[in-house]
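Single-structure report; data block below.
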Amino acid sequence: MKNPERDEQLDAKGASRRKFLRTTAAGVGAAAGVPAAAEAFDFETFFQKNFRSMSDEEIDELTDRLARKYEKKYGKPFDVQATGPVDNVVFGYGLDISRCIGCRRCVDACVQENNQSRDPEIQWIRVLEFERERVVRGFELEDGNPYYDHEQAPAEGMVYLPIACQHCEDSPCTNVCPTGATWEEPDGIVVIDYDWCIGCRYCMAACPYGARHFNWAEPNIPADEVNTNIHPLGNRPRGRGVVEKCSFCIQRVRDGRYPACHEACPVGARKFGNLLDPNSEISYLLKNKRTFVLKAELNTRPKFFYFYG
Amino acid sequence: MADDDPGEVGDQSQPGGLATWVVLGLAVVLVLGLLSLRCALGPDAARSYPSRTLPPEPLPVLLPPPEMNDEYMPCDDCHEGEPTNPTPRELEDDHEETVLAHGDLWCLRCHDTDQRDNLRLSNGTLVDFEDSWKLCTQCHGQRLEEWKAGVHGKRTGHWWGAKEYWTCVACHDPHSPVFKPIEPKPPPVRPSSITWKPRIEPEETDREEP
Numbered sequence: 001m002k003n004p005e006r007d008e009q010l011d012a013k014g015a016s017r018r019k020f021l022r023t024t025a026a027g028v029g030a031a032a033g034v035p036a037a038a039e040a041f042d043f044e045t046f047f048q049k050n051f052r053s054m055s056d057e058e059i060d061e062l063t064d065r066l067a068r069k070y071e072k073k074y075g076k077p078f079d080v081q082a083t084g085p086v087d088n089v090v091f092g093y094g095l096d097i098s099r100c101i102g103c104r105r106c107v108d109a110c111v112q113e114n115n116q117s118r119d120p121e122i123q124w125i126r127v128l129e130f131e132r133e134r135v136v137r138g139f140e141l142e143d144g145n146p147y148y149d150h151e152q153a154p155a156e157g158m159v160y161l162p163i164a165c166q167h168c169e170d171s172p173c174t175n176v177c178p179t180g181a182t183w184e185e186p187d188g189i190v191v192i193d194y195d196w197c198i199g200c201r202y203c204m205a206a207c208p209y210g211a212r213h214f215n216w217a218e219p220n221i222p223a224d225e226v227n228t229n230i231h232p233l234g235n236r237p238r239g240r241g242v243v244e245k246c247s248f249c250i251q252r253v254r255d256g257r258y259p260a261c262h263e264a265c266p267v268g269a270r271k272f273g274n275l276l277d278p279n280s281e282i283s284y285l286l287k288n289k290r291t292f293v294l295k296a297e298l299n300t301r302p303k304f305f306y307f308y309g
Numbered sequence: 310m311a312d313d314d315p316g317e318v319g320d321q322s323q324p325g326g327l328a329t330w331v332v333l334g335l336a337v338v339l340v341l342g343l344l345s346l347r348c349a350l351g352p353d354a355a356r357s358y359p360s361r362t363l364p365p366e367p368l369p370v371l372l373p374p375p376e377m378n379d380e381y382m383p384c385d386d387c388h389e390g391e392p393t394n395p396t397p398r399e400l401e402d403d404h405e406e407t408v409l410a411h412g413d414l415w416c417l418r419c420h421d422t423d424q425r426d427n428l429r430l431s432n433g434t435l436v437d438f439e440d441s442w443k444l445c446t447q448c449h450g451q452r453l454e455e456w457k458a459g460v461h462g463k464r465t466g467h468w469w470g471a472k473e474y475w476t477c478v479a480c481h482d483p484h485s486p487v488f489k490p491i492e493p494k495p496p497p498v499r500p501s502s503i504t505w506k507p508r509i510e511p512e513e514t515d516r517e518e519p
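Residue numbers (this note's numbering), protein chains in the order written: chain D, 1 to 309; chain U, 310 to 519.
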């Protein structure tokens, strides 16, 4: 029960053939790029350009269209802003492993802020639990257990490692995408164009951190909980058959706000800021603390740094 | 199925079979065509965004410390004019819930003897309860530096813009400062116990389960 991906595969093997056929049918439907198969076919969305090649007017059309679509679906007004990057900003994230207590407040805040499906459940942040003795030489992600269930956190002798998208500078996921639906923005955020994702899941196979998640079914968000302040590349509700992941809360950070997980952390283990600003928190800790990145040997150059405070 | 009768599928003399294949083939071509058309509209280069800056940052503010225990505020209600017993001891007549677990400090290292509604630094300066961080940091100097840099403790609001610095007592009980364990949020669902059903139910057929 260590690797959720592997578990999924094992599950599939044990399933009956009918179940297999059913899933394949759903998979093929998704892979054929039928956008949001559950909704009526929408010509405009089908022929929509990739976000990167859109003119400003086309982006306005997109935000209007999304606002209308979600208003109809959730019965309340949406504020869709395709806010662009800020000059001279590259985002970096720091996480203090000696503080984290594994309380999963960040996971909860992330689900709420970023409109993740409640059932089936999708969570962009996984908090892995390790035995303290086993991590003296570094974290083997495969040893981490995300399913721990204690009355009180932290448990005796355990350390915790929350993990989500590492926003790599040389990101394997964007390199393998056949449709150019995922890329790194000028401020370093790796984003997904959810109308261009065809659900082939290559990026999930390529990501060494297990940070990308697939919508096997139509996502399900209660209308009274849905976050109506959305960014087309970030927390807009996704459709069935697309891959999704952390965007550093693009809808918040481009307005200068902290990401939702940062705000939720009760111990202050999460640090966020501009790597290009020598006076930012993140620059201070890179200069003064022992930092490391996960799977450094793969040379993906993450912008998510772990450190011991 | 094909393996029941291998001749059936390839048998082109049956006009029905041929038509099915032609239609299927056309459908595949159509889908692939649409897909490649969609990809042909693909991105040429990175999007060039207009230049954008954020307004200058206002000065940060300190997050007000949590509400203090009403029962004891203000302190001078009881302490004004009362003599002080400076010996460290179990307090019995009041404050019995204040259990000290902070090094081997006694109350009066932090609380002023005569002005109970103030804290006192070791150089004798009185500070308000709201400024308790000045008290903490005179003994925990390294934390002060890291707290000012934003690495120890926490800031909320904006990474660029209005922000609040949490003070030490927002997280640490001054009388027993070790961070107490809290109840974690529930764990994620294991893939093996996922309960949702696919939306597309295949039509019920009378085919048997293999």
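No residue lacks a Cβ here, since even glycine has one placed at the ideal position from N, Cα and C.
Supposed contact pair residue j and residue i - C-beta distance, whole angstroms, cut 8 angstroms
i      : j      : result
D:H167 : D:F248 : 7 angstroms
D:P186 : D:P85  : 5 angstroms
U:L372 : U:Y474 : 6 angstroms
U:T466 : U:E366 : The amino acid at residue 466 of chain U is misidentified as Thr; the sequence shows Gly. Actually they are not in contact, since the Cβ atoms of U:G466 and U:E366 sit about 10 angstroms apart, beyond 8 angstroms.
D:V176 : D:Y202 : 4 angstroms
D:N220 : D:D119 : 5 angstroms
D:I125 : D:C100 : That belief does not hold up - the Cβ atoms of D:I125 and D:C100 are roughly 11 angstroms apart, past 8 angstroms.
D:K271 : D:G94  : 4 angstroms
U:F392 : U:W415 : Sequence inspection shows Pro at residue 392 of chain U; the Phe mentioned does not correspond to that position. Their Cβ separation, rounded to whole angstroms, is 17 angstroms, which puts U:P392 and U:W415 out of contact at 8 angstroms.
D:Y209 : D:L294 : 6 angstroms
D:D310 : D:G309 : Since the first residue of chain D shown is 1 and the last is 309, residue 310 of chain D is not available in this structure.
D:L233 : D:F41  : Between D:F41 and D:L233 the Cβ distance is about 23 angstroms, and since that is not below 8 angstroms, they are no contact.
D:V89  : D:N274 : 5 angstroms
Residues that residue i contacts on chain D, provided the C-beta gap is smaller than 7 angstroms
i      : result
U:T476 : None at all; the shortest Cβ gap to chain D is about 12 angstroms.
U:V498 : E121
Beta-carbon neighbours of residue i, restricted to chain U and to distances below 8 angstroms
i      : result
D:K271 : G459, V460
D:R201 : By Cβ distance, chain U contributes nothing, its closest Cβ being about 15 angstroms from D:R201, past 8 angstroms.
D:G309 : E455, V460, H461
CA nearest to the CA of residue i, picked from the options
i      : options                        : result
D:K72  : D:K287, D:A223, D:V253, D:S280 : D:A223
D:L66  : D:I163, D:N215, D:I97, D:N235  : D:N235
D:Y284 : U:E455, U:K472, U:P495, U:C448 : U:E455
U:P364 : D:S280, D:D255, D:R301         : D:D255
U:H388 : U:E406, U:S360, U:H420         : U:H420
D:F78  : D:D64, D:F91, D:V89            : D:D64
D:L298 : D:A153, D:C207, D:F272, D:R290 : D:C207
D:P154 : D:S117, D:L141, D:D143, D:R104 : D:R104
D:Q123 : D:G75, D:C261, D:K287, D:E169  : D:C261
D:V127 : D:M158, D:S117, D:L233         : D:M158
U:C477 : U:E492, U:K457, U:A328         : U:K457
D:T174 : D:N227, D:V243, D:A217, D:N115 : D:V243
U:L383 : U:D482, U:Q424, U:T329, U:D440 : For the sequence presented, residue 383 of chain U should be read as Pro rather than Leu. Of the listed residues, the one whose Cα sits closest to U:P383 is U:Q424.
D:G188 : D:R134, D:H213, D:W196, D:V253 : D:V253
U:K494 : D:F43, D:Y148, D:F292          : D:Y148
D:K49  : D:W196, D:V191, D:E263         : D:W196
D:A164 : D:V80, D:V190, D:H231          : D:V190
D:E225 : D:K69, D:F46, D:V80, D:A109    : D:A109
D:E129 : D:R137, D:A82, D:G138, D:G144  : D:G144
D:S53  : D:F139, D:W183, D:F305         : D:W183
Within chain U, partners of residue i - CB distance below 9 angstroms
i      : result
D:E244 : Per Cβ cutoff of 9 angstroms: no residues; D:E244 is ~15 angstroms from chain U at best.
D:Y284 : E455, A458, G459, V460
Chain-ordered chain D contacts of residue i [CB-CB under 9 angstroms]
i      : result
U:G470 : D255, G256, R257
U:V492 : Rather than Val, the amino acid found at residue 492 of chain U in this sequence is Glu. Correct list: C103, H150, E151, Q152, A153.
U:H481 : Ordered by position in chain D, no residue passes the 9 angstroms Cβ test against U:H481, which lies about 11 angstroms from the chain.
Contacts of residue i in chain U (Cβ-Cβ under 7 angstroms)
i      : result
D:D108 : K494
D:E281 : A458, G459, V460
Closer than 7 angstroms: residue i CB and nearest the ligand SAM heavy atom
i      : result
D:D277 : Ligands in the displayed structure: none, and consequently the ligand SAM is not present.
Contact list for residue i against chain D, beta-carbon separation under 8 angstroms
i      : result
U:G466 : R257, Y258
So if I threshold CB-CB distances at 9 angstroms, which residues from the stretch 418-449 of chain U count as touching chain D? none
Selection of the stretch 253-269 of chain D by Cβ proximity to chain U, strictly under 9 angstroms: V253, R254, D255, G256, R257, Y258, P259, H262, E263, C265, P266, V267, G268, A269
Alpha helix (DSSP H) runs wholly inside the stretch 160-248 of chain D, at least 4 long, in chain order: 172-176, 202-206
When Cβ atoms are compared, which residues of the stretch 58-86 of chain D fall closer than 7 angstroms to chain U? G84, P85, V86
With a floor of 4 residues, list each alpha helix (DSSP H) that falls wholly inside the stretch 98-165 of chain D, ordered by position along the chain. 105-113
Proximal residues, the stretch 216-233 of chain D versus chain U, C-beta separation under 9 angstroms: W216, A217, E218, N220
Under 7 angstroms, CB to CB, which of the residues in the stretch 354-365 of chain U have a partner in chain D? A355, R356, Y358, P359, S360, R361, T362, L363
At 3 residues or longer, what runs of the beta strand (DSSP E) sit wholly inside the stretch 446-490 of chain U? 464-466, 472-474
What residues in the stretch 117-146 of chain D bring their beta carbon closer than 8 angstroms to a beta carbon of chain A? In the structure shown, chain A does not exist; the protein chains are D and U.
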